[in-house]
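Taking it in order: structure first as structure tokens, then the write-up.
Chains as they are written, first to last, in my numbering: chain A, 93 to 248; chain B, 93 to 248.
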């Protein structure tokens, strides 16, 4: 039987919990390795974080303003402090934009960034999944640098 | 304003989409590296997959049967074929168990595996997040082995 199992506030809190953990992973990297270290030809963790930043607020803005402008992952953030400041700037913007999306809108198709036409709920679940995916990669970078990552279940 | 944004069927489909991708990541590993390769002292991808298998069906069974028995990650699966068969065995069981959980039950606290007392919806979101997290680690293992992982957005 069909059941409604998640509200907008619950998903927002869930995402912000993940974002708090991702912030801790950024902090765990030494400055140099954050911008230079990678494995197997992959991107640095700084580049992955810039991708996350260029999706979260711009993606929600696209949904709320019904704009299909493309994304730009190449943000001018050059230090760990730059990344953390951008991360913290995004936090209240995400809260504000997310809560402007109506129940009906979550169900409607939207051509995110002019490229990804899916129901809004799927687009937003993708934001979260993509963050968990890339952060998992960051965990391997940290472990291979002999740095203990934060506990996965800590979300405050 | 409060909005219901996800149904049980949608979350189940979302999870099974992720499971289809994780299956493809298992397939991408060479037999030997699946069971022997790791980075930074982490577990092998086979061990991570055994963890996922020991959470999904046993976790849902615990919820449905209201049993707080502990988990056992140490499954007797010795080959890639063993892992893939166990993965495929779990697929219809997950569908069946998941749909037995009522709307009210998703909101109730449950002491999963006798250790993790959270609302059922949070326990199940954790199953999915944990899978995405560990699979992201598998992507790094594959890249460092010079093997192209499947596309992250392929979920069929």
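The beta-carbon is built from N, C-alpha and C at its ideal position, and this holds for glycine as well.
- A distance of 9 Å or more separates the beta carbons of residue 224 of chain B and residue 229 of chain A.
- Scanning its chain for C-beta atoms nearer than 8 Å, with the 5 sequence neighbours on each side dropped, one finds around residue 235 of chain B the residues 241, in chain order.
- At the C-beta level, residue 165 of chain A and residue 181 of chain A stay beyond 9 Å of one another.
- In this structure, DSSP gives residue 243 of chain A a state outside helix and strand, which the three-state scheme calls coil.
- DSSP, reduced to helix, strand and coil, places residue 163 of chain B outside both helices and strands of the structure shown, so it counts as coil.
- Interface with chain B (9 Å Cβ-Cβ cutoff): residue 161 of chain A is excluded.
- Assigned with DSSP and collapsed to three states, residue 209 of chain B falls in strand.
- Residues of chain A whose Cβ lies closer than 8 Å to the Cβ of residue 95 of chain B are, in chain order, 99, 100, 193, 194, 195 and 198.
- Taking a cut-off of 8 Å on C-beta distances, the region 198-208 of chain B does not touch the region 126-146 of chain B, as fewer than three cross pairs fall below it.
- Residue 173 of chain A and residue 188 of chain B have their C-alpha atoms spaced approximately 48 Å apart.
- By the C-beta density criterion, residue 94 of chain B is exposed, having fewer than 16 other C-beta atoms within 10 angstroms.
- Within the same chain, Cβ atoms closer than 8 Å to the Cβ of residue 113 of chain B are found at 227, 242, 244, 246 and 247, the five residues on either side in sequence being excluded.
- For the C-beta of residue 127 of chain A, not a single chain B residue is nearer than 9 Å; the gap to the nearest is close to 18 Å.
- Ranked by how close their Cα comes to the Cα of residue 198 of chain A, the residues A:148, A:208 and A:212 have A:212 in first place.
- About 5 Å separates the Cβ atoms of residue 178 of chain B and residue 145 of chain B, confirming a contact at the 8 Å cut-off.
- Taking a beta-carbon distance threshold of 9 Å, residue 155 of chain A does not count as an interface residue toward chain B.
- Here residue 99 of chain B carries a strand assignment [DSSP, helix/strand/coil].
- At a cut-off of 9 Å between C-beta atoms, residue 236 of chain A counts as an interface residue with respect to chain B.
- If you draw a straight line from the Cα of residue 123 of chain A to the Cα of residue 168 of chain A, it comes to about 16 Å.
- Annotation for residue 175 of chain A: 118, 141 and 169 place their beta carbon closer than 6 Å to its own, counting only its chain and skipping 5 residues before and after.
- Scanning chain B for C-beta atoms nearer than 7 Å to the C-beta of residue 217 of chain A yields 106, reported in chain order.
- Rounded to whole angstroms, the gap between the alpha carbons of residue 200 of chain A and residue 210 of chain A is 8 Å.
- Annotated as distal: residue 98 of chain A and residue 220 of chain A, with beta-carbon spacing of 9 Å or more.
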